[in-house]
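Numbering of the sequence shown is given in my numbering, commencing with residue 21 and proceeding in unit increments.
The C-beta atom is built at its ideal place from N, Cα and C for all residues, glycine as well.
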Amino acid sequence: MRRFWRRGEDDHVSAGEAAAAAAEPHGAGVEPDPTAAAFFDVDNTMMRGASIYYFARGLAARKLFTLRDLAMFAWGQAVFRLRGTENAEHIGAAKETALAFVAGQRVEDLVRLSEEIYDEVMADRIWSGTRALALQHLDAGQQVWLVTATPVEVARIIAARLGLTGALGTVAETRDGVYTGRLVGNLLHGPAKAEAVRALAQREGLDLSRCSAYSDSINDLPMLNTVGHPHAVNPDPRLREHAKTHGWPIHDFRTARKVTMVAIPAAAGAGALAGGVAAGIALRRHYRA
């Protein structure tokens, strides 16, 4: 599988600016509150599990992604979340792999696939509690944006299906409606999310001190610290502790069982997870070599 050419690991500004430039608001609101908005992470915040895993699962079902790739996603997601941390290098490798298949593909085809895959495997994994929080902001006349490392085309579909304003996501370069196989900037992860929020706020005339942000991960601390009203949703241990220390609201929509298993996508059956373990061990041996 081809891999993306990447800019420097710290090219967060370019990734954030590219995400904001690609953001497309939609939908009519109520009485507008033009200077306030809410920003929601997707994976394990708005959706149970990893959106990129479900997307890969849909591609595998259409023979556009291999079962081995799918198994590696299951393993990687389990490791990231059960440890309570995410390794940026591993996330970058995993999500580049997820994006790499698009080189030479038409944008309109990916959008169509994203719509189908959302309806098939993502729709019933939305946290109703988190969606209710988003709707409260919409009812207050505020914009609501998803902010995720998932490809922006997928993120837009999720936002549209949920009736939100729009989405900030990782942007893949296109030329004449076809993907070139390169990223614009870097993955929208960690500090890049904060840059995207700042860039969008400047474009939309938002007062960040009046804005809110929601995430489950300590890796989104840059984004959470960018706004005046940060919230922890289904938080990992480090974010939970940070939120308690700083008096941030904590929302947990998991049952006791889901708290321990939340990061393993429900769609990942025993076979896929076992295959993922084997793939992960092989990948680790490869890195060591």
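- When rounded, the separation of the alpha-carbon atoms in Ser232 and Thr200 is 35 angstroms.
- Taking C-beta separations shorter than 6 angstroms and ignoring five residues to either side along the sequence, the partners of Ala221 in its chain run Leu228, following chain order.
- DSSP places Pro242 in the uninterrupted alpha helix (DSSP H) bounded by Leu241 to Thr246.
- In the structure shown, Thr170 adopts extended strand secondary structure according to DSSP, grouped into three states.
- Here DSSP, grouped into helix, strand and coil, assigns Phe59 to strand.
- In the three-state scheme derived from DSSP, where H, G and I count as helix and E and B as strand, Met142 is classed as helix.
- With respect to Asn206, Ala214 sits apart: the two C-beta atoms are not nearer than 7 angstroms.
- Going by beta carbons, Ala35 and Leu226 fall outside the 7 angstroms limit.
- Closest in alpha carbon position to Thr265, among Ala252, Phe273 and Thr275, is Ala252.
- The three-state secondary structure of Thr200, taken from DSSP, is strand.
- Counting every other CB atom within 10 Å of its CB across the protein chains shown gives Asp256 a total of 16 or more, marking it as buried.
- The Cβ atoms of Gly189 and Ala179 do not sit closer than 7 angstroms to each other.
- Taking all protein chains shown into account, Thr246 has 16 or more neighbouring C-beta atoms within 10 Å of its C-beta and is therefore buried.
- Residue pairing for His157: DSSP places it in no beta bridge.
- In the assembly as shown, Thr185 is a buried residue. Its beta-carbon has 16 or more other beta-carbons within 10 Å.
- Straight across, the Cα-Cα distance linking Leu244 with Ser134 is about 28 angstroms.
- For Thr65, the closest C-alpha among the options Ala41, Val127 and Ser148 is that of Ser148.
- Here Glu37 is buried. Its C-beta has 16 or more other C-beta atoms within 10 Å.
- When rounded, the separation of the alpha-carbon atoms in Ala42 and Gln163 is 16 angstroms.
- If you ignore the 5 residues before and after Ala263, its C-beta comes within less than 7 angstroms of the C-beta of Ala252, Pro255 and Ile270, all in its own chain and listed in chain order.
- Measuring C-alpha to C-alpha distances from Asp240 to each of Asp61, Arg181 and Tyr138 identifies Asp61 as the nearest.
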